[in-house]
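First comes the structure, then the notes that go with it.
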Amino acid sequence: MSKDDRVDKVEKEKRIYQVGLMLRRKPHSFIVDFIRQNWGLERAQAYNYISSARKEWRKYFEKLQGDGISYHIAQLRDLKDQAYSRKVIIGRGDNKETVTIADLGLVFEITKEEAKLMGIYPAEKHDISLTKKIIVIGKKKDDDEEECKKL
């Protein structure tokens, strides 16, 4: 392919998008044949288009994941604001008064969930109790018994 046969940036992006759509449903061999027949490119160039389309998919899903987490964090922060400014009616009859009280327990729980979403809260602790003997594959039987006795 000579320099004159190259496509412009817009056309290349259209092709990468088209290959990206095919990646979801078609095998690589079909995509390579499609590129060779319709665009007159070599096999290596076809794989370059497939690689570029995969990169675009990765970027798209990383953005989606980030946006999703941001959305949920924003929702939790709205809930936390509501928990800080919970209105309670105190009194009876004509002596009713509306007071703003922070539900600190709820604020703490929401903050914990927010931290878990951001990946800065430690993993939850789980207890495991086993009723049967553990068998370790790949070790001698004597080693298994000694390991189990240590536990």
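Once you know that position 99 of the sequence shown is 101 in the numbering used here, the rest is easy, because the numbers rise by one and skip nothing. Even for Gly, the Cβ is constructed at its ideal location relative to N, Cα and C.
*asked:* Counting C-beta neighbours from all protein chains within 10 Å, is the total for TYR123 16 or more, i.e. buried, or is it exposed?
replied: Under this definition TYR123 is an exposed residue.
*Would you kindly check if the distance between the Cβ of ARG8 and the Cβ of TYR156 is under 8 Å?*
Nothing can be reported for residue 156: it is not among the residues displayed for the chain, which extend from 3 to 153.
*Go ahead and pull the three-state DSSP assignment for VAL90.*
In the three-state reduction of the DSSP assignment, VAL90 falls in the strand class, which pools E and B.
*Quick one: Cα of ILE71 to Cα of LEU119, how far?*
C-alpha separation (whole angstroms): 7 Å.
*So which of ARG45, ALA46, LYS82 and VAL12 has the shortest CA-CA distance to ALA117?*
When ARG45, ALA46, LYS82 and VAL12 are compared, the shortest CA-CA separation from ALA117 is found for LYS82.
*Do you know whose CA, among LYS98, LYS127, LEU25 and ASP35, lies nearest ALA55's CA?*
When each option's Cα is compared against that of ALA55, the closest is LEU25.
_Burial state of ALA76 (16 or more Cβ within 10 Å)_ = Exposed.
*Between ILE103 and ARG88, is the Cβ-Cβ spacing less than 8 Å?*
For ILE103 and ARG88, yes; Cβs fall inside 8 Å.
*Leaving aside the five residues before and after ILE92 along the sequence, list all residues of the same chain whose C-beta is less than 6 Å from its C-beta, in chain order.*
Once the five neighbours on either side are set aside, the close Cβ partners of ILE92 are GLU99 and VAL101.
*Exposed or buried, ILE139, counting other C-beta atoms within 10 Å across all chains shown (16 or more means buried)?*
Here ILE139 is exposed. Its C-beta has fewer than 16 other C-beta atoms within 10 Å.
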